[in-house]
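Going by full-length UniProt numbering, 24 is the number at position 24 of the sequence shown; the sequence numbering is gapless.
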Amino acid sequence: MDLMNRVFKPYLDKFVVVFIDDILIYSKSREEHEQHLKIVLQILREHRLYAKFSKCEFWLESVAFLGHVVSKEGIQVDTKKIEAVEKWPRPTSVTEIRSFVGLAGYYRRFLKDFSKIVAPLTKLTRKDTKFEWSDACKNSFEKLKACLTTAPVLSLPQGTRCFVMHRRLV
Numbered sequence: 001m002d003l004m005n006r007v008f009k010p011y012l013d014k015f016v017v018v019f020i021d022d023i024l025i026y027s028k029s030r031e032e033h034e035q036h037l038k039i040v041l042q043i044l045r046e047h048r049l050y051a052k053f054s055k056c057e058f059w060l061e062s063v064a065f066l067g068h069v070v071s072k073e074g075i076q077v078d079t080k081k082i083e084a085v086e087k088w089p090r091p092t093s094v095t096e097i098r099s100f101v102g103l104a105g106y107y108r109r110f111l112k113d114f115s116k117i118v119a120p121l122t123k124l125t126r127k128d129t130k131f132e133w134s135d136a137c138k139n140s141f142e143k144l145k146a147c148l149t150t151a152p153v154l155s156l157p158q159g160t161r162c163f164v165m166h167r168r169l170v
């Protein structure tokens with residue numbers, strides 16, 4: 001991973017995302033994408049790094065990447081992960097709580113007030129706290145599941161439109 005990050009450093013978060021041995025190239029237009037693809041392939045060639053052609057996908061309108069679906073509309077939670085959340089049974093141990101909260105936490109940027117919603121569940125994971133499933137825990141669990149299964153698409157602001165940013169003072 002370190003090698004991939006070093007060789008693609010000038011282009012990371014400009015049009016390339018690297019995770020271990022996965023490379024995601026994104027562009028605003030087909031023409032731009034063609035140029036980005038040439039740059040990435042040239043870098044791979046220069047560093048004698050190889051991509052298995054059968055594992056490559058080109059010219060996709062959307063792609064599942066690291067538990068997200070990335071498209072021109074923005075970034076959203078992968079539907080396969082949503083299915084797992086929907087089917088998740090009520091946790092019966094601290095380990096199961098941690099597992100569920102870990103999955104939910106991965107998508108926290110999609111969920112408004114995540115820390116407030118998850119608070120009753122995280123209280124159950126504290127040392128010297130007896131595991132008692134309360135109504136607050138049930139509500140927290142169900143609300144997290146509902147929020148995750150209806151999570152919004154995160155998108156960048158359009159440069160031609162007005163947008164408003166809100167900041168909550170704590």
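The C-beta atom is built at its ideal place from N, Cα and C for all residues, glycine as well.
Measuring only the C-alpha atoms, how far is residue i from residue j?
i      : j      : result
Cys147 : Pro91  : 18 Å
Tyr26  : His33  : 7 Å
Glu61  : Val17  : 16 Å
Trp133 : Tyr107 : 24 Å
Leu49  : Gln35  : 19 Å
Ser93  : Phe131 : 7 Å
Glu31  : Asp128 : 59 Å
Glu142 : Arg109 : 18 Å
Should residue i go down as buried or exposed, given a rule of 16 or more other Cβ atoms within 10 Å for buried?
i      : result
Ala51  : exposed
Cys137 : buried
Gln42  : exposed
Ser29  : exposed
Ala119 : exposed
Leu12  : exposed
Ser140 : buried
Ile117 : buried
Using three-state DSSP, classify residue i as helix, strand or coil.
i           : result
Gly105      : helix
residue 228 : Given that the chain is displayed from residue 1 to residue 170, the structure contains no residue 228 and the question cannot be resolved.
Val170      : Confidence at Val170 is low in this model, with a pLDDT of 44, below 50, so its placement is unreliable and no value can be given for it.
List the whole-angstrom C-beta distance separating residue i from residue j, where the pair is believed to meet the contact cut-off of C-beta under 8 Å.
i     : j      : result
Phe53 : Leu24  : Not confirmed; about 17 Å, so no contact.
Ile82 : Thr149 : 5 Å
Val85 : Gln76  : The pair is not a contact, with the Cβ atoms about 14 Å apart (cut-off 8 Å).
For residue i, decide whether its Cβ has a neighbour in chain D, counting only Cβ atoms nearer than 9 Å.
i     : result
Gly74 : Looking at the structure shown, chain D is missing, and only one protein chain is on hand.
Practice item. Mind listing, in chain order, the continuous beta strand (DSSP E) runs of no fewer than 3 residues lying wholly within the UniProt domain "Reverse transcriptase" (1-70)? Key: 16-19, 22-25, 62-65
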